[in-house]
Every structure is written in C-alpha cells, then in structure tokens.
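Colleague: Handing you this structure, nothing more for now.
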Amino acid sequence: MMSMRDNLRKAAPIAIALLFTAAPVVAAIDLHDYDNDLMRDLDKTIKYFEPDLTAQNADAAKEDAQVLLDGFKYTEGYFTRKGAQDAVEISRKGLKVISDVLSNVDSNNFEAAAAAAREAPELCKSCHDLYKPRLAR
Ligand code: HEC
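The sequence shown lines up with residues -27 to -1, 1 to 110 when you count with mature numbering (1 follows the signal peptide of the UniProt record, and there is no 0).
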C-alpha cells in the first residue's frame, strides 16, 4: 500500500508545474524592441485630449487624435507581429474610439466627442494590465 509520504512525493512536482503554468502572461512577450518614446507621447497627448474637446478646440483636438491614432496603429502592428490577439483587439477598439471622436468633431458635436474620448484611457489601461511588466510601472 502507498504511504502518505509516497503520495506527497508524487504530488510535489505537479504542484510546482501548476505554479509555473499560472505565471502571468506578461512574461510571454519580449518587449525589447517596443517604442516607449511613442508611449510617452501618448501619455502627454491623452492628458490634453478631453480638455481640448471640452474647450471645443477642434484644431488641437484633431492634432491629439492624430497622435493617438498613430499610437494605436503602432500597437496594432506590434502586437500582430507578436501574435497577441487580445492586444490587437484593444488597439482596434482604440482606433474606433478615436475615429468616433473625429467624426463627432467634424459634425461639431463636442459633447459626444468628449464622451467617446473618455473611453480611450481605459483601453490604454486594459492593455497595460495584460502586457506591461509590473516592475516598469
Ligand atoms: C495594445 C497594448 C497597449 C496599448 C493600447 C497602450 N499601451 Fe502603453 N504600453 C504597453 C506596453 C506593453 C508597455 C511596456 C513596454 C516596455 O516595458 O518596454 C507600455 C508602456 C507605456 C508607458 C511607459 C513608457 C516608459 O517610459 O517606460 C506609458 C507612459 C504608456 N504605455 C502610455 C500609454 C497610453 C497613454 C496609451 C493609450 C493612449 C497606451 N500606453 C496604450 C502597451 C500598450
């Protein structure tokens, strides 16, 4: 008959294997070629975006939107190359949100534009929750 000790000895490697399986997704992607300068530009731009819309400053808001579009296009391409489909989806939502903002600006509907703009930071955050290394925060 197997003793308790034998059972434990058998269970230990399995427990250790499970521990590694549960490691965060973050470790799975090599980010050495990621464009952090662009991310810092996005960070600056997103702070002005909603205030520019609320102030009905169409020119400034369009400039902001262009930077953000470039950013989401970059992340869409980058994470496509890395095979990270969830990050690609988030990037496409970002492109959609910014396009919605632009069409609302074009029809002079700044209130709807500002409402759409408020969704953008959530998208930045949801990608960071998945792929931004914790220690870099
Ligand atoms: C689809 C994924 C994704 C999206 C969307 C995204 N980011 Fe990031 N971001 C990352 C990853 C991954 C890193 C970490 C890169 C690294 O560690 O080299 C990062 C890093 C950053 C950093 C840190 C840069 C530094 O100096 O190290 C800032 C700031 C930032 N993002 C801002 C933003 C803002 C603002 C948005 C939205 C407008 C955004 N990001 C959208 C994935 C994303």
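Each residue gets a CB set at the ideal place from its N, CA and C atoms; glycine is no exception.
Are Leu11 and Tyr47 close, meaning C-beta to C-beta below 7 Å?
Modeller: Yes, the Cβ-Cβ distance between Leu11 and Tyr47 is below 7 Å.
Colleague: Here's the rule: buried if 16 or more other CB atoms are within 10 angstroms of the residue's CB, otherwise exposed. What is Ser80?
Modeller: So Ser80 ends up on the exposed side.
Colleague: Would the beta-carbon of Arg65 be found less than 6 Å away from any heavy atom of ligand 1?
Modeller: It does not: the Cβ of Arg65 is nowhere closer than 6 Å to a heavy atom of ligand 1.
Colleague: Under 6 Å: does the beta carbon of Thr48 sit that close to some heavy atom of ligand 1?
Modeller: Yes, the Cβ of Thr48 comes within 6 Å of a heavy atom of ligand 1.
Colleague: Please report how far the alpha carbon of Gln39 lies from the alpha carbon of Arg54, in whole angstroms.
Modeller: Approximately 23 Å between the Cα atoms of the pair.
Colleague: Any chance the CB of Pro106 is under 6 Å from a heavy atom of ligand 1?
Modeller: Yes, the beta carbon of Pro106 sits closer than 6 Å to at least one heavy atom of ligand 1.
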